[in-house]
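Q: Residue numbers (mature numbering (1 follows the signal peptide of the UniProt record, and there is no 0)): -20 to -1, 1 to 594.
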C-alpha cells in the first residue's frame, strides 16, 4: 500500500521506477559534506604534517588520514588540531559515535572555537540527541550568526518540527543557489516558502540556476523545477508556467505518481478542484492502490477552495482503505478541520469509529476523551478516560486529564489520586503540580496548596511558572512580601515573564515600595501590552506613584473606560484627579470605583478618601 507520511502534508514514499517528487516532505537528516566542514584553522594550514592529513581527508582517504592522526595523538593526546581533524575524518566515514567522542574530548580543552562546538552539536544530532545538539548550535549562532553548518542543521530541526518561520530564518542564512549551486537545503527553503505561499521568494531563489530548456533528470533538478513551475502558476504567470510544464513533463512521463504531483500541485496553487479531480482519476486508472493518497491530496485542494464538506468526504474515503498508522495521519488533519467548522459531534463520531477499529490505540482513545470533554460531554469523557486509567499500566496523559476533569467535577479525592499517580510518573510536568495545588485551593486550604507548590519547586528548581504560581498563592493568603520574593525568583529564571512583572510591580506600587523598580517593571509590561486596560491601569498607577500626575491621568482615563468589572482603575484615576485639583471629577470616580467593585482593603481606602474630601 502507499504510505502516508507525517508532516505538513502526507506524501508518497519514493518509488523505484524513477524519482518521485515529494515536494512537501521534509528532507531526512544528512551527514555534512567535506566542503561544509571548513578546515580553516591557521595552525593546520601552517603545519605541513596536518596539511597532508587534510589532503587525505579531502581525497576521501580517511583510513590513511586516521593512521597519521592516531600517531600524533599517541604522542600528544591533547593535541587540539589533531582531535579536530580526527572528528572531521570520522564524520566523513559516517562513524558519528566516534566523531562525537573526538569532539567531546576537544570541547573539554578550553578555549573552544565556535566551529568546534558546531561540529560537536552536529554529531549530537546525527547520533539522535536532537535536544542537546540544538542547544549547542543555538549557542554558536548567538556568537557567530553566519555559521553555515549550524544554520543548516538548525534549519533542518525547525523544518522537522514543522516550524516554518524558524526554518526559513535559518535556511535563508545559507549561501544562495546562485553562489553555491543547487543544493538540498535550497529545496528545503523552497518547500517552506511554499507553506507560507511566498511564491515570489521561490522564483527569486531558484530561477537564477534553472532554465526550462536545460533540465536534467536528477531528483534535485526535477523537484526544483516543480517548485518553480507551481510558483509561476501561483503568481499568475501562465506563459512561464506552461513553458515549465512542457519542459518538466517529459522528464517524469514514465512515472504516474510524479505526473500526479505536478497536476495536483498546479490545481492546488490555482484552487482548481476540477483539475484536481481529473488528476485523481488519471492516477487511479494507472495506480489503483494509490487511492487513499490521492483522496488525501484532493481533500487539501477542496479545503483551499473553501469546500470543507467535499474535503471531509475525501478524508472519509481515504480512511476506508488505510492502516492504523495512516489512520492517525489522516485524523491529525481531519479532526482540526471539523473542529474549525464547529462539527464537534461529527468529529466525535469519526474518533469513535477509529477506537472501535483499533481498540488498543491509546492515542485514539485519549483524543476521543479530550474531544468529548471540550464538547461538553463530561460523563462520556470520564468513561473513555476510565478505560485508559483502570488498567495495570495506566496511560499517563489520561491520568493528567482525568485529574483535571475530576477537579472540575469537584471529585477531589479522585482528582488527587489521579494527579499523584501522574506526578509519580512524571514529576517534571508543572501543569500537574499546579492542578494538584488547585485542588487544595478550591477547598480553601491555601496552606496545603502552598506546600504542594513548594514541593514542586524543590523538584523543578528551574521552572519559572512554579515560582510564579507559588507567588499567587502567597498573595491570595495576604503575604505580599513572600509573594514578591517568588515573583522575583520567577523573573530570575525568566526575565521576560510578563505576569510576574505585572504582579510584582502592582504589589510594590500598592505597598509604595521601591517605586523606581516598580515603574521599570510596569513600563516593560506596558510596552508589550499597551492596549490592555488592566495594563494601562498598572502603568498609570506607576506614573502616579512616580509623581507624573498629568500622564497618569491620561493613561488611567483609558484604563477606567475599558474596565467594567473592577473599580481599581477608577480609584487610581480619582487619586490623580484629586491631586491635580479636580475634586468634583475625583468624587465621581471614587463612587464609580465602589460601584464597579473592589477588594475589602481597597474599598476601605476609597471610603476613607471620600470622607476626607467632605
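Virtual Cβ for every residue (Gly too), placed ideally from N, Cα, C.
At which residues does the alpha helix (DSSP H) containing residue 455 begin and terminate?
A: Where residue 455 is concerned, the enclosing alpha helix (DSSP H) stretches over 444 to 456.
Q: Please go through the same chain and pick out, in chain order, the residues whose beta-carbon is closer than 7 Å to the beta-carbon of residue 350, but skip the five residues on each side of it.
A: 381.
Q: Using the three-state DSSP reduction, which class does residue 283 fall into: helix, strand or coil?
A: Residue 283 falls in the helix class under three-state DSSP.
Q: Mind checking whether residue 673 and residue 257 have CB atoms under 9 Å apart?
A: Nothing about residue 673 can be reported from this structure: the residues present for the chain run from -20 to 594 only.
Q: Excluding sequence positions up to five away, which residues of its chain have a Cβ less than 6 Å from the Cβ of residue 46?
A: Around residue 46: 69.
Q: Distance, Cα to Cα, residue 455 vs residue 144?
A: So the alpha carbons of these two residues sit roughly 41 Å apart.
Q: Where does the unbroken alpha helix (DSSP H) through residue 249 begin, and where does it stop?
A: Taken as a continuous stretch (DSSP letters only), the alpha helix (DSSP H) holding residue 249 covers 236 to 250.
Q: Is it the case that the region 58 to 69 contacts the region 86 to 102, given that we only count it when at least three CB pairs across the two stretches are under 8 Å?
A: In short, these stretches touch, since the Cβ pair count reaches three.
Q: Starting from the C-beta of residue 508, find all residues in its chain whose C-beta is less than 7 Å away, skip the five residues before and the five after it, and write them out in chain order.
A: 478, listed in sequence order.
Q: Could you give the residue range of the alpha helix (DSSP H) that holds residue 162?
A: Unbroken run through residue 162: none, as it is neither H nor E.
Q: Using a Cβ-Cβ cutoff of less than 6 Å, which residues in the same chain neighbour residue 545 once the five nearest sequence positions on both sides are dropped?
A: Counting only Cβ-Cβ distances below 6 Å, and skipping sequence neighbours, we find nothing.
Q: Quick check on the DSSP output: the alpha helix (DSSP H) that includes residue 326 runs from which residue to which?
A: Element bounds for residue 326: 324 to 337.
Q: Judging by CA-CA distance, which residue of 58, 346 and 297 is the nearest neighbour of residue 360?
A: Ranking 58, 346 and 297 by Cα distance to residue 360 puts 346 first.
Q: Need the endpoints of the alpha helix (DSSP H) that residue 563 sits in, please.
A: Per DSSP, residue 563 belongs to the alpha helix (DSSP H) from 563 to 576.
Q: Can you have a look at residue 1 and say buried or exposed, based on whether 16 or more other CB atoms are within 10 angstroms of its CB?
A: With a pLDDT of only 39 at residue 1, under the threshold of 50, the placement of this residue in the model should not be trusted; the figure read from the coordinates follows. It is buried - the Cβ of residue 1 has at least 16 other Cβ atoms within 10 Å.
Q: Between 427, 83, 530 and 248, which has its C-alpha nearest residue 612's C-alpha?
A: Examination of residue 612 is not possible in this model, given that the chain is present from -20 through 594 alone.
Q: Determine the burial state of residue 106: buried for a count of at least 16 other Cβ atoms within 10 Å of its Cβ, exposed for fewer.
A: Per the 10 Å Cβ criterion, buried.
Q: With residue 129 and residue 114 assumed to form a contact (beta carbons below 8 Å), what rounded beta-carbon distance in angstroms separates them?
A: Actually they do not touch by this definition, with Cβ atoms about 13 Å apart.
Q: Would a C-beta distance cut-off of 9 Å place residue 281 and residue 253 closer than the cut-off?
A: Cβ distance < 9 Å, so residue 281 and residue 253 count as in contact.
Q: Using only alpha-carbon positions, find the residue among 330, 418, 138 and 112 that is nearest to residue 295.
A: Minimum Cα distance to residue 295 is reached at 330.
Q: Taking 9 Å as the cut-off, decide whether the C-beta atoms of residue 209 and residue 221 are in contact.
A: Cβ atoms of residue 209 and residue 221: closer than 9 Å.
Q: Would you identify the three-state DSSP class for residue 408, choosing helix, strand or coil?
A: Coil at residue 408, not helix or strand.
Q: With residue 493 as the anchor, note down where its alpha helix (DSSP H) starts and where it stops.
A: Per DSSP, residue 493 belongs to no alpha helix (DSSP H) and is neither H nor E.
Q: Rounding to the nearest angstrom, what Cα-Cα distance links residue 569 and residue 587 in this structure?
A: Approximately 12 Å between the Cα atoms of the pair.
Q: Residue 483 and residue 452: beta carbons closer than 9 Å?
A: In contact: residue 483 and residue 452 (Cβ atoms closer than 9 Å).
Q: Run the proximity test for residue 333: is its beta-carbon closer than 8 Å to any non-hydrogen atom belonging to the ligand ATP?
A: The model on display carries no ligand, and the ligand ATP is accordingly not part of it.
Q: Between residue 202 and residue 232, is the Cβ-Cβ spacing less than 9 Å?
A: Yes; because the gap between Cβ atoms is below 9 Å, this pair is in contact.
Q: Which of the three DSSP states, helix, strand or coil, is assigned to residue 437?
A: Helix at residue 437.
Q: Can you give me the Cβ contacts of residue 125 inside the same chain, cut-off strictly under 6 Å, excluding the 5 residues immediately before and after it?
A: Here the set comprises nothing.
Q: So which of 111, 542, 185 and 408 has the shortest CA-CA distance to residue 444?
A: Nearest option by C-alpha distance: 408.
Q: According to the Cβ coordinates, are residue 527 and residue 538 closer than 9 Å?
A: Cβ atoms of residue 527 and residue 538: not closer than 9 Å.
Q: In chain order, what residues of the same chain have a beta carbon less than 8 Å from the beta carbon of residue 577, not counting five sequence neighbours either side?
A: Same-chain partners within the cutoff: 545, 546 and 547.
Q: Buried or exposed for residue 340, going by 16 or more other Cβ atoms inside 10 Å?
A: The residue in question, residue 340, is exposed, as its Cβ has fewer than 16 Cβ neighbours within 10 Å.
Q: Assign residue 154 to one of three DSSP states: helix, strand, or coil.
A: Residue 154 falls in the coil class under three-state DSSP.
Q: Helix or strand or just coil, what does DSSP make of residue 375?
A: Here residue 375 sits in coil by DSSP.
Q: Hey, residue 288 and residue 317 are a contact pair by Cβ (cut 8 Å); roughly how many whole angstroms apart?
A: So it is a contact: roughly 7 Å between Cβ atoms.
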